[in-house]
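Residues 15 to 241, numbered by this note's numbering, are exactly what the sequence shown covers, in order. Using N, Cα and C, we set each Cβ at its ideal position, and we do this for glycine too. Reading through the structure tokens given below for one structure.
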Amino acid sequence: MTILGIDTATGRASVALARGEEIVALGRLGERGRHACELLARIDALFAATGLCPADLAGIAVTVGPGSFTGVRIGMATAKGLAYSLGVPLGGLSTLEALARAALPLWRGSAPRLCATIEAGRCEVYAALFRLEADGVRRETDDRSWRPADLVREIRGGVPVVGDAVATLVSTAREAGVELEAIEPQPPLAGGLALWGCRTLRPGAAYRPGDLLPNYVRPSGAEATRP
């Protein structure tokens with residue numbers, strides 16, 4: 015199976031093609047705000063670099079959030095459009111779980127748990143805790159938004175953190191007299207997403223409209239201030 019992975023929910027967006035247990039091509043997009051104009055061109059570049067074409071795809075995997083609201087929508091809309099037009103299955107994975115999975119090969123410590131975290135704006139971060147296991151990661155908490163100080167108190171050190179909110183959490187922890195271990199730099203997510211799709215999407219399955227919904231975690235700014 016050849017699977018296309020798409021992540022535009024994070025500031026370090028990426029696309030990738032994977033086959034079996036191998037990432038065959040990976041492309042990075044520009045910083046947040048350029049996803050919409052670059053995404054399809056980057057996907058085309060992956061096909062050109064590998065000699066593949068859209069008809070070779072057996073499925074598509076995409077991050078569904080949390081993350082940039084606009085980025086989530088761009089990635090999901092593109093993934094749904096491609097899956098519908100090609101008649102292939104579509105799978106969605108939490109951005110935080112995708113981050114935890116991508117970080118696993120980079121971690122050389124002995125801690126059994128990992129905190130995946132990304133900036134959420136409004137002086138908050140998105141985060142979830144995962145347990146590291148021989149065959150991957152197992153979720154311990156739901157995705158949610160946190161005040162950094164509250165999250166530091168929750169993990170209490172001894173839990174490595176990964177994601178673009180690492181600097182915020184490390185700084186907050188030091189102010190509280192706690193040292194956090196960081197897994198850096200933040201890895202691109204699309205490759206791991208595509209590998210996850212190779213393991214989870216069913217060969218020959220069709221696209222099912224309406225199955226995949228975004229995981230925004232909290233209301234948008236406009237919704238939060240609406241009377």
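Simplified DSSP assignment, three categories, for Arg153: Reading the sequence shown from its first residue, position 139 is the one you call residue 153. Three-state result, Arg153: strand.
Candidates Ile74, Ser82 and Arg33, of which the one nearest Ala50 by Cα: Taking the first residue of the sequence shown as position 1, residue 50 is located at position 36. Nearest of Ile74, Ser82 and Arg33 to Ala50, Cα basis: Ser82.
Top-ranked residue by Cα proximity to Gly172, from Arg161, Asp178 and Glu195: Within the sequence shown, residue 172 is the residue found at index 158, counting from 1. The shortest C-alpha separation from Gly172 is found at Glu195.
Inter-residue Cα distance where the pair is Arg8 and Tyr221: Residue 8 cannot be examined here, being either before or after the span of the chain that is shown, 15 to 241.
DSSP-derived helix/strand/coil call for Val139: As a first step, residue 139 is located in the sequence shown; it is residue number 125 there, counting from the start. Strand at Val139.
As assigned by DSSP and simplified to three states, the class of Glu133: Your numbering for residue 133 matches position 119 in the sequence shown. Residue state, collapsed to three classes: strand.
Residue range of the unbroken alpha helix (DSSP H) whose run includes Arg87: Translated into the one-based positions of the sequence shown, residue 87 becomes position 73. Residues Phe83 to Leu100.
Helix, strand or coil at Ala62 [DSSP, three-state]: Along the sequence shown, one-based indexing puts residue 62 at 48. In this structure, Ala62 counts as helix in the three-state DSSP scheme.
C-beta contact flag for Leu104 and Pro174 at 8 Å: For the purposes of this step, residue 104 is taken as the residue at position 90 of the sequence shown. For the purposes of this step, residue 174 is taken as the residue at position 160 of the sequence shown. Their beta carbons are not under 8 Å apart, which means Leu104 does not touch Pro174 by this criterion.
Cutoff 7 Å; reference Asp156; Cβ partners in own chain excluding five residues on either side: What you label residue 156 is simply residue 142 of the sequence shown in a count that begins at 1. So the qualifying residues of the chain are Ala142.
Inter-residue Cα distance where the pair is Ala190 and Val180: Looking up residue 190 in the sequence shown gives position 176. Looking up residue 180 in the sequence shown gives position 166. Going from the Cα of Ala190 to the Cα of Val180 covers about 15 Å.
Span of the alpha helix (DSSP H) around Leu120: In the sequence shown, counting from the first residue as 1, residue 120 sits at position 106. Counting along the chain, Leu120 falls outside any alpha helix (DSSP H), and DSSP gives it neither H nor E.
Proximity winner among Leu209, Leu207, Thr92 and Glu35, relative to Ala55 (alpha-carbon distances): In the sequence shown, the residue the question calls residue 55 occupies position 41. Answer by Cα proximity: Thr92.
Check whether Ala117 and Ile197 have beta carbons under 8 Å apart: For this step, residue 117 is matched to residue 103 along the sequence shown. For this step, residue 197 is matched to residue 183 along the sequence shown. Their beta carbons are under 8 Å apart, which means Ala117 touches Ile197 by this criterion.
Terminal residues of the beta strand (DSSP E) in which Val38 lies: Within the sequence shown, the letter at position 24 stands for residue 38. Where Val38 is concerned, the enclosing beta strand (DSSP E) stretches over Glu36 to Arg42.
Ranges of the beta strand (DSSP E) found wholly within the region 158-193, counting only runs of at least 3: 158-160
Beta bridge counterpart(s) of Arg33 as assigned by DSSP: Here the question's residue 33 lines up with position 19 in the sequence shown. Beta-bridge pairing links Arg33 to Thr16 and Glu36.
Distance between Val102 and Pro201 (C-alpha atoms, nearest Å): Translated into positions along the sequence shown, residue 201 becomes position 187. Translated into positions along the sequence shown, residue 102 becomes position 88. Cα to Cα, Pro201 sits roughly 27 Å from Val102.
Residue burial classification, Arg8 (beta-carbon count within 10 angstroms, cutoff 16): Outside the displayed range of the chain (15 to 241) lies residue 8, so it cannot be described from this structure.
Neighbourhood of Glu52 by C-beta, 7 Å cutoff - its chain only, sequence neighbours within 5 removed: Residue numbering aside, residue 52 sits at position 38 when the sequence shown is read from its first letter. Within the same chain, Glu52 has close Cβ partners Leu43 and Gly44.
Cβ pair Val78, Pro228 closer than 8 Å: Looking up residue 78 in the sequence shown gives position 64. Looking up residue 228 in the sequence shown gives position 214. Yes, they are a contact pair.
CB-CB length for Leu165 against Leu183, believed under 8 Å: Locating residue 165 in the sequence shown gives position 151, where the first residue counts as 1. Locating residue 183 in the sequence shown gives position 169, where the first residue counts as 1. The pair is a contact, with the Cβ atoms about 7 Å apart (cut-off 8 Å).
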